[in-house]
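Numbering (our numbering), first residue to last: 94 to 528.
Presented below is the structure to which this report refers.
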């Protein structure tokens with residue numbers, strides 16, 4: 094009898110319904126400093142998360158001690174005795190969609206192969222006066238799920254993540270440029286070349302320092318630079334935020350809340366992406382979910398608990414760690430791209446800024462959408478051309494207002510963190526100030 098079967102048997106003996114997830118994760122990581130391999134580390138952990146519904150109350154417990162199943166079941170029942178009353182519907186047995194989440198080439202990567210990937214990036218970035226750091230990681234994971242309603246699955250997943258950063262110090266000017274890539278399999282040489290090329294381009298574009306502009310200006314946000322604008326939207330599209338009454342989009346289903354050029358879909362079935370999955374961690378089968386379609390709010394994401402509390406259905410966005418109760422998590426967020434190349438986007442800016450990185454994103458009241466951040470990496474645009482890097486500048490605005498003033502969307506979208514596909518976007522009327 095498997096670990097999960099034993100746990101479910103213990104739950105049934107206590108007249109409870111239950112669902113359990115066993116996750117076995119293996120991470121091999123390498124780090125490079127000053128152009129050389131600094132160290133490597135291998136970590137492996139297996140853990141079980143058990144949720145029981147006993148006498149109409151929900152309890153959760155977890156363990157990394159796979160010999161202590163009776164103890165984790167006892168703790169889950171104790172948690173339920175003190176838990177909330179909730180009519181939680183466990184998913185029944187259903188066929189899961191086919192989705193590519195595991196790449197055998199990633200599994201074959203050892204220290205030598207990962208070191209070669211790291212060196213390939215470092216060698217492309219080495220210049221006099223440039224300090225290069227890099228990291229390479231290989232993730233392998235197997236998740237096994239079962240519940241008392243008959244739903245079961247086994248999912249294997251892999252990820253290879255390559256990241257690099259260049260620091261260039263010139264007098265009192267410290268310039269840093271970072272980039273990364275992640276997918277279920279190893280990167281091709283052309284992808285490593287592109288990663289290095291993006292970092293080099295940022296450094297070269299930043300050689301000349303110019304005075305920042307001021308006022309309400311058009312700003313071209315690169316995919317990386319958009320995080321301050323998109324983070325509040327992600328939070329607002331969470332069913333938990335809607336349930337708590339803190340989402341500005343709550344009660345707005347079917348209403349136009351953004352510019353018609355703004356669309357976003359949660360796509361757990363995307364091929365070869367690190368957040369793809371055939372089912373979520375609660376056993377709910379995955380499906381593509383349009384969240385915003387041409388500015389119109391179409392859906393919120395729910396896990397089993399928030400769906401039950403909201404009188405809705407789970408959208409298959411339940412995530413669980415070994416310890417603690419499940420929560421909501423997006424899979425792959427795909428933001429719609431358009432046909433403008435960078436030259437056309439800069440022409441749309443005319444006179445304004447390109448923002449690539451901000452300081453302090455995520456701090457403060459994210460749910461309201463308002464933000465004010467100093468720039469970490471930004472360039473001035475004059476006459477539709479980049480004229481130099483700006484320092485001592487800050488931008489401010491409200492994400493929900495700004496996304497009603499989209500001027501143009503680029504075609505050169507990028508996968509960020511392996512699970513968000515984001516294009517560059519030009520937004521009008523962003524507050525730009527000197528610091």
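Glycine included, C-beta positions come from ideal geometry on N, C-alpha and C.
Note that the coordinates shown come from a computational prediction; the quantities given were computed from them, not determined experimentally.
Opening and closing residue of the beta strand (DSSP E) in which residue i lies
i           : result
residue 308 : 308–314
residue 502 : 499–502
residue 224 : 223–240
residue 273 : 266–276
residue 428 : 426–428
residue 200 : It is not in any beta strand (DSSP E) - residue 200 instead sits in the alpha helix (DSSP H) that spans 197–200.
residue 518 : 518–527
residue 251 : 245–263
residue 449 : 445–451
residue 417 : First-last for residue 417: undefined, no H or E at that position.
residue 509 : 507–509
residue 194 : Here residue 194 belongs to no beta strand (DSSP E), and DSSP marks it neither H nor E.
residue 481 : 478–483
residue 515 : 513–515
Residue j beta carbon less than 7 Å from that of residue i
i           : j           : result
residue 520 : residue 495 : yes
residue 427 : residue 318 : no
residue 445 : residue 362 : no
residue 68  : residue 394 : The chain is shown from 94 up to 528; residue 68 falls before or after that span and cannot be answered.
residue 160 : residue 140 : no
residue 387 : residue 358 : no
residue 259 : residue 292 : yes
residue 270 : residue 451 : no
residue 313 : residue 438 : yes
residue 196 : residue 133 : no
residue 208 : residue 135 : no
residue 473 : residue 303 : yes
residue 429 : residue 356 : yes
residue 404 : residue 412 : no
residue 241 : residue 372 : no
residue 290 : residue 225 : no
residue 418 : residue 153 : yes
residue 487 : residue 528 : yes
residue 466 : residue 455 : no
residue 243 : residue 416 : no
residue 364 : residue 206 : no
residue 485 : residue 425 : no
residue 227 : residue 125 : yes
residue 442 : residue 305 : no
Whole-angstrom C-beta distance between residue j and residue i, which should lie under 8 Å
i           : j           : result
residue 52  : residue 113 : Lying before the first or after the last residue shown, residue 52 is absent from the chain, which here runs from 94 to 528.
residue 147 : residue 108 : 7 Å
residue 179 : residue 151 : 5 Å
residue 489 : residue 307 : With 8 Å as the limit, residue 489 and residue 307 do not qualify as a contact, their Cβ atoms being about 12 Å apart.
residue 512 : residue 366 : 6 Å
residue 142 : residue 414 : 7 Å
residue 251 : residue 201 : Not a contact, Cβ separation roughly 10 Å.
residue 98  : residue 239 : 7 Å
residue 332 : residue 431 : Going by Cβ atoms, the distance from residue 332 to residue 431 rounds to 29 Å, so no, they are not a contact pair.
residue 506 : residue 279 : The Cβ separation is near 22 Å, so there is no contact.
Element boundaries [alpha helix (DSSP H), containing residue i]
i           : result
residue 215 : 204–218
residue 282 : 282–298
residue 473 : First-last for residue 473: 463–475, but that is the beta strand (DSSP E), not the alpha helix (DSSP H).
residue 436 : 435–442
residue 174 : 162–174
residue 493 : 492–495
Chain B contact for residue i (CB, 7 Å cutoff)
i           : result
residue 513 : No chain B is present in this structure, which holds just one protein chain.
The ligand NAP heavy atom lying under 6 Å from the CB of residue i
i           : result
residue 235 : Of the ligands one can find in the structure shown there are none, so the ligand NAP has no counterpart to examine.
Does the structure place the region 474–481 close enough to the region 451–462 that three or more beta carbon pairs sit under 8 Å? no
Touch check for the region 328–344 and the region 380–399: three-plus C-beta pairs under 8 Å? yes
Whole beta strand (DSSP E) elements within the region 98–151, 3-residue minimum: 110–126, 129–147
Taking only runs of the alpha helix (DSSP H) that begin and end inside the region 319–406, which ones reach a length of at least 4 residues, in chain order? 320–329, 332–337, 397–403
For the 8 Å Cβ check, are there 3 or more pairs between the region 284–298 and the region 319–327? no
Specify whether the region 273–293 and the region 208–220 touch according to this definition: at least 3 beta carbon pairs, one from each stretch, less than 8 Å apart. yes
Does the structure place the region 369–382 close enough to the region 172–188 that three or more beta carbon pairs sit under 8 Å? yes
Pairs of beta-carbons, one from the region 229–236 and one from the region 113–129, closer than 8 Å: are there three or more? yes
Is the region 494–508 touching the region 347–355, taking contact as three or more C-beta pairs under 8 Å? yes
For the region 155–166 against the region 220–229, do three or more pairs of beta-carbon atoms, one drawn from each stretch, fall closer than 8 Å, so that the two count as touching? no
Check whether the region 251–263 touches the region 204–215, counting contact only when three or more Cβ pairs, one atom from each stretch, lie closer than 8 Å. yes
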